[in-house]
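Chains as they are written, first to last, in the working numbering: chain F, 62 to 413; chain C, 79 to 357; chain E, 517 to 819.
Heads up, the beta-carbon is just placed ideally off N, CA and C, and yes, glycines get one too.
Before any comments, here is the structure.
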Amino acid sequence: MYYRDAGQFKTTYAEDSAIFPVLQDRWMICIGVVAAFCLPVITSDYWLTSILLPLLIFSIAAIGLNILVGYAGQLSLGTGGFMAVGAFAAYNLAIRLPFLNYLVVFVVAGLIAALVGMLFGLPSLRIKGFYLAVATLASQFLIEWILVRVPWLTNYSSSGVVSAPPMVLFGHHIESPASKYLLALSIAVVAALAAKNLVRGPIGRSWMAIRDMDIAAEIIGVRPLRAKLLAFAVSSFFCGLAGALWVFLYIGTIEPQAFDLHRSFQVLFMVIIGGLGTILGAFVGAAFVVFLPIALSNASALIGGLPPDVLSNFELIIYGCVIITLLIGEPLGLARLWSLGREKLRIWPFPY
Amino acid sequence: MSALPCLPGKMGSLMNSSTSMPSPQNVLLEVKNLSIKFGGIQANDKVSFDLATGEIRAIIGPNGAGKSSLLNMINGFYRPDSGEIFLDGIKTVMRPYVAAVSGIARTFQNIALFKGMTTLDNIMSGRLLKTRTSFLEQIVHWGPARREEDRHRAQVERIIDFLEIQSIRKTPVGRLPYGMQKRVELARALAMEPRLLLLDEPMAGMNLQEKQDMCRFILDANSELGCTVLLIEHDMGVVMDLSDRIVVLDHGKKIADGKPIEVRADQRVIDAYLGGAQA
Amino acid sequence: MSDPMFILEVAISGLLSGVLYALVALGFVLIYKASGVFNFAQGIMVLFAALCFVRLQSLFGANGPSHIGFWAALVGAMAIMLLLAICVERLVLRPLVNQPPLTLFMATMGLAVVLEGIASLVGGNLIYPLDIGIADDPIEIFGILVRKVDLFAAAAGTILVAALTVFFQFSRVGRALRAVADDHLAALSVGIPLRHIWILIWSIAGAVALFAGLIWGAKLGVQFSLSTIALKSLPVLLIGGFTSIPGAIAGGLIVGATEKLTEVFLAPALGGAIESWFAYVLALAFLLIRPQGLFGEKIIERV
């Protein structure tokens with residue numbers, strides 16, 4: 062089957078600026094999404110809980126960070142902190158207002174994270190580039206410190222391990238791997254759609270204007286502080302949402318260490334590897350980061366097995382090399398390589 | 079007679095001098111005694127002039143005369159040390175955002191396009207001030223946001239037709255040749271539906287053909303789209319042919335102000351700038 | 517506890533640890549001044565250099581007197597840093613010449629991760645004691661107790677800074693380095709051998725990292741948390757200004773002193789351990805007042 066868009070004439074502007082203008086793409090995505098929803102039938106619990114679930118949650122966080130770094134051009138190393146805010150907010154809401162529907166809990170947790178994000182985004186009007194990156198470290202460390210020191214936030218729990226309460230949504234217990242996976246998938250799809258809509262509209266353009274030349278952006282009427290704060294808010298919303306899902310669907314416990322500087326870098330790597338300034342890139346990057354350790358341990362099993370810490374060191378080395386290679390070869394990341402590949406496919410078997 | 083790159087139409091109206099001195103009702107912009115100093119250099123020294131609605135006014139002068147800084151003050155980028163700006167007769171403290179909202183659009187000598195976006199996106203970004211849909215409506219997209227996007231797109235396409243840049247719609251602007259980038263920047267300015275267009279050397283770096291096209295666009299923007307134009311330009315042929323009135327600056331001061339014929343004959347201007355080369 | 521002697525002691529102790537922050541920051545400034553690259557990997561280079569030294573020292577020292585072991589390890593570690601500089605120039609800097617600074621910054625992040633992985637492979641999670649031949653006993657100056665190691669660090673650091681400042685300001689190579697920092701392509705076009713310059717500067721930064729690593733390792737032992745401490749040199753840079761050697765020193769001293777003082781006097785009221793974020797918040801506050809840092813160059817954006 063040839064991958065062609067011959068005969069697909071766009072007769073309205075709506076068609077021209079659709080998310081997937083090529084018909085074959087639309088079919089593939091539809092089939093893909095349907096297949097994703099049917100996965101629990103054929104995949105093992107292990108895959109659902111240990112691979113696909115973190116992949117979806119990471120993707121949401123990566124979408125958030127991509128909005129901030131890729132679209133609005135504000136370099137941030139505080140992702141972990143905002144995820145933590147969302148996680149702790151969701152936990153406290155669930156514990157103290159148990160009558161609330163869990164979807165409401167997640168949204169409100171995201172909004173709280175958005176507020177915190179806006180607060181720490183205030184310096185962005187005066188500080189740019191690497192300076193801003195270092196300033197976001199302040200947010201990361203400060204949030205970590207506060208969350209550990211204020212016992213009210215963990216409900217005065219004396220033990221180190223604080224468990225999230227069991228989830229009941231619309232009468233269903235969300236306990237089985239399948240139900241957790243489906244919930245995460247639904248949220249991820251909605252999140253991706255919302256982000257894509259934002260990004261291809263006027264707000265996305267104002268963000269990209271700020272990223273490319275914020276002085277010139279003022280000329281066309283964009284107010285830099287507003288646009289930047291909005292970027293921080295939206296980005297932190299997604300990160301907070303991801304943090305809440307991390308606690309309730311994935312790990313099941315609240316621990317600030319899960320959202321440390323290491324996590325911030327991990328999400329940043331997903332965004333860089335997957336592709337800055339694309340929504341698809343978030344998923345691709347998350348997939349890379351989630352699958353790499355598995356691929357490595359499978360590879361090491363072939364040669365007789367290596368201890369896990371050695372493997373995790375190799376992971377780091379590979380991340381670094383991949384990032385450097387991508388920055389040299391294709392700064393727009395794997396997502397761009399993917400779309401370039403599709404372009405080649407469109408004209409295959411002709412070379413150009 | 080030096081080469082006149084512009085079409086003869088404007089020349090005719092120049093001869094008839096149909097544009098008389100502006101009356102108070104149709105003064106769009108007035109600057110009074112604008113002065114600004116950078117370090118030890120007085121970039122502009124008590125510059126005053128007015129701009130009538132619908133006219134094309136040129137600012138000329140040797141390099142370093144203070145033309146760009148004048149434009150930057152009108153635009154709100156620089157804050158004048160002293161002096162006032164009156165828009166529609168109302169004294170206004172100019173900031174870039176205030177200027178944008180008041181209907182002033184601008185292009186730059188060194189091109190201030192958003193290099194990471196396509197031509198279409200760049201021009202669409204000129205419509206940002208006209209966004210009426212809310213945040214939530216945009217997240218949902220289907221419905222009001224979709225319709226607004228289409229409306230803006232239709233308007234932008236009209237401008238793309240007007241400036242004949244259809245073929246480069248989806249090209250990232252960083253890859254376009256200089257002359258095309260200048261056209262895209264003009265398109266973005268026009269997308270704002272401005273009352274006043276501030277153009278900083280719109281013909282710089284262009285060959286004769288490109289200059290003719292650009293002249294045509296500016297004239298059309300003035301007559302069809304109703305833009306008042308204030309432009310900085312070095313090509314004397316363009317200036318003489320295009321403008322209704324001219325302001326001449328030298329070392330930060332205004333040394334002449336009037337119709338092209340008057341300015342061309344002004345001895346101070348000839349000494350400072352023209353050097354008698356124009357016949 | 518507001519005994520003035522005690523306050524002074526705390527302050528001096530803070531100043532001395534500030535010297536260490538300053539040393540790491542110095543490496544950043546060198547690379548930034550000379551190649552316009554913000555080397556995020558500088559912190560991990562400190563750890564990496566120290567680890568190499570320690571492993572080499574145990575390798576060489578095992579068979580002979582400790583003096584030989586020390587010097588051999590020093591030479592060996594320096595050689596490794598030189599090799600690192602060559603690899604970085606060839607594999608990272610050369611392919612990315614004249615890319616936007618953000619791209620280069622992200623590349624150094626990648627580099628930092630690679631070095632972290634290698635360092636972890638080489639060193640594991642152990643703490644290696646480091647012996648540089650200076651006894652650890654404290655001496656008393658004007659009634660204040662100061663560790664010999666700290667004194668040595670301060671003195672050696674001062675000499676190092678003075679030498680580097682002179683080098684940058686007055687030597688031909690120093691001028692070339694500053695040209696490169698301004699504009700890679702322009703420097704190339706006037707015939708400055710970009711590649712050699714880069715290798716040179718990264719080696720110098722590597723040497724400074726090694727120096728800092730040795731001092732710190734002697735003080736705390738060579739361990740992984742060193743890289744977290746090294747991360748704190750980032751706020752030092754913000755306060756001092758990225759482009760200034762004296763700025764790095766000033767910033768380091770300010771951060772070191774205030775951090776120690778607030779830790780001892782303020783922290784108990786707040787619940788303790790504010791060292792994790794204090795330096796960053798301080799830098800943030802500083803930036804809001806003076807975005808280019810104390811001694812940095814003013815960032816002018818033109819349209």
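query                                                                                                                          : result
Ala-79 (chain F) versus C:Glu-227, C:Lys-193 and C:Asp-291, residue with shortest Cα-Cα distance                               : C:Glu-227
Leu-563 (chain E) vs Gly-592 (chain E) beta-carbon contact at 8 Å                                                              : no
Contact list for Pro-250 (chain C) against chain F, beta-carbon separation under 8 Å                                           : The premise fails here: Pro-250 (chain C) is roughly 11 Å from chain F at the closest Cβ pair, so nothing lies under 8 Å.
Beta-carbon gap between Ala-305 (chain F) and Phe-143 (chain F) smaller than 8 Å                                               : no
C-alpha distance - Gly-117 (chain C) paired with Tyr-156 (chain C), whole-angstrom precision                                   : 14 Å
Where the segment 747 to 770 of chain E meets chain F: residues whose CB sits under 9 Å from a CB there                        : Leu-747, Leu-750, Pro-751, Leu-753, Leu-754 and Phe-758
is_contact[Trp-206 (chain F), chain E] using C-beta, thresh 8 Å                                                                : yes
Distance, Lys-735 (chain E) Cα to Ala-588 (chain E) Cα                                                                         : 21 Å
Reduced DSSP category for Ala-190 (chain C) - H, G, I as helix; E, B as strand; rest coil                                      : coil
Proximity to Pro-280 (chain C) [Cα-Cα], best of C:Thr-306, C:His-312 and C:Leu-274                                             : C:His-312
Segment limits, beta strand (DSSP E) that includes Asn-258 (chain F)                                                           : Where Asn-258 (chain F) is concerned, there is no enclosing beta strand (DSSP E), although the alpha helix (DSSP H) it sits in stretches over 238 to 260.
Thr-744 (chain E) classed as buried or exposed, judged by whether at least 16 other C-beta atoms fall within 10 angstroms      : exposed
Minimum length 4: unbroken alpha helix (DSSP H) runs contained in the segment 710 to 785 of chain E                            : 710 to 736, 741 to 747, 749 to 756 and 761 to 781
Coil, strand or helix - Gln-120 (chain C) by DSSP                                                                              : strand
For Leu-631 (chain E) and Val-738 (chain E), believed in contact at Cβ under 8 Å, the rounded distance                         : Val-738 (chain E) to Leu-631 (chain E), Cβ: 14 Å. No contact.
For Glu-108 (chain C), the three-state DSSP class (helix, strand or coil)                                                      : strand
Proximal residues to Gly-283 (chain C) (C-beta, below 6 Å), its chain only, five neighbours per side dropped                   : Tyr-256
Beta-carbon spacing of Arg-247 (chain C), Thr-197 (chain C) below 8 Å                                                          : yes
Contact the segment 529 to 540 of chain E vs the segment 768 to 777 of chain E: 3+ CB pairs below 8 Å                          : yes
Sub-8 Å separation of Lys-289 (chain C) and Val-125 (chain C) beta-carbons                                                     : no
Beta-carbon proximity of Leu-395 (chain F) to Gly-338 (chain F), cut-off 8 Å                                                   : no
Nearest candidate by alpha-carbon position, reference Ala-801 (chain E), set E:Ser-792, E:Thr-759 and E:Pro-751                : E:Pro-751
Three-state class that DSSP yields for Ala-348 (chain F) in the structure shown                                                : helix
Residue from E:Ile-715, E:Leu-612 and E:Thr-674 whose Cα sits closest to the Cα of Phe-727 (chain E)                           : E:Thr-674
Chain-ordered neighbours of Arg-10 (chain F) on chain C, where CB pairs are closer than 7 Å                                    : Here chain F has residues from 62 to 413 only, and residue 10 (chain F) is not among them.
Proximal chain A residues relative to Tyr-175 (chain C), where beta-carbon distance stays under 7 Å                            : Among the protein chains in the structure shown, which are F, C and E, there is no chain A.
Per-residue DSSP class, three states only, for Ala-337 (chain F)                                                               : Rather than Ala, the amino acid found at residue 337 (chain F) in this sequence is Leu. Coil at Leu-337 (chain F), not helix or strand.
Closer than 8 Å to chain C by CB, Pro-263 (chain F)                                                                            : yes
Nonlocal neighbours in the same chain, by C-beta distance under 7 Å from Ile-717 (chain E), ignoring five residues either side : Leu-546, Ile-547, Ala-550, Ser-551 and Leu-693
Nearest-angstrom Cα separation, counted from Leu-290 (chain F) out to Ala-223 (chain C)                                        : 22 Å
Beta-carbon proximity check, Ala-199 (chain F) vs Trp-793 (chain E), cutoff 8 Å                                                : yes
Proximity of Ala-130 (chain C) and Leu-106 (chain C) at Cβ, strictly below 8 Å                                                 : yes
Pro-226 (chain F) versus Gly-633 (chain E) - alpha carbon distance                                                             : 37 Å
Supposed contact pair Gly-757 (chain E) and Gly-812 (chain E) - C-beta distance, whole angstroms, cut 8 Å                      : 2 Å
Environment of Thr-306 (chain C) [buried if 16+ CB atoms lie within 10 Å]                                                      : buried
Amino acids of chain C, ordered along the chain, whose beta-carbon sits closer than 7 Å to that of Leu-259 (chain F)           : Gln-216 and Ile-217
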